[in-house]
Every structure is written in structure tokens, then in C-alpha cells.
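A.B. asks: In our numbering, the protein residues as written are 251 to 325.
My questions will all concern the structure given below.
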């Protein structure tokens with residue numbers, strides 16, 4: 251799995267998820283349930299991951315949508 255985005259912005263998490271769903275790219279959102287532990291203050295970032303095979307296509311989709319600045323460095 252490769253990390254695409256790490257953010258505290260739940261709207262961005264939803265937007266990225268919708269873009270990936272629209273392209274039929276399976277993704278995971280990690281740490282979204284951590285708000286129970288943190289008290290719902292949005293302090294802990296959510297991470298969006300995709301499979302290694304979908305990494306390039308997912309990055310292109312987000313770039314085309316104007317979200318290139320949100321992408322994590324691709325190691």
C-alpha cells in the first residue's frame with residue numbers, strides 16, 4: 251500500500267475518496283476512527299492509501315483534479 255494523502259481535512263478525505271471511487275480504485279482511509287480517542291478535535295490526520303499497482307493512476311487522477319499539492323512524496 252502507498253500513502254497518497256495525509257490530512258486533517260475531512261472534506262478533502264471525502265473528495266479524494268469520491269475521485270478514487272469514480273475511477274474504481276480501491277483505497278483505505280486509515281485513522282478516521284481515531285477521533286473517538288482524540289475527542290473529535292481533528293488533531294490526528296487521516297491517511298489515504300492505495301495499492302502499489304494503482305499508485306500512479308491514483309496520483310494522476312488527483313493531479314488532474316487540481317490536488318497535486320495534497321499528494322505525499324512518492325518514495
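C-beta: ideal position from N, C-alpha, C; glycine also.
Taking the C-alpha atoms as reference points, what is the distance between residue 316 and residue 272?
C.D. replies: Looking at the two C-alpha atoms, the distance is approximately 16 Å.
A.B. asks: What would DSSP say about residue 260, mapped onto helix, strand or coil?
C.D. replies: Of the three classes helix, strand and coil, the one that applies to residue 260 here is helix, per DSSP.
A.B. asks: Residues in its own chain within less than 6 Å of residue 282 by CB, not counting five upstream and five downstream?
C.D. replies: Cβ within range, chain order: 296.
A.B. asks: In three-state DSSP terms, what is residue 321?
C.D. replies: If DSSP states are grouped into helix, strand and coil, residue 321 belongs with the strands.
A.B. asks: Would you mind reading off the limits of the beta strand (DSSP E) that contains residue 278?
C.D. replies: Residue 278 -> beta strand (DSSP E) spans 277-280.
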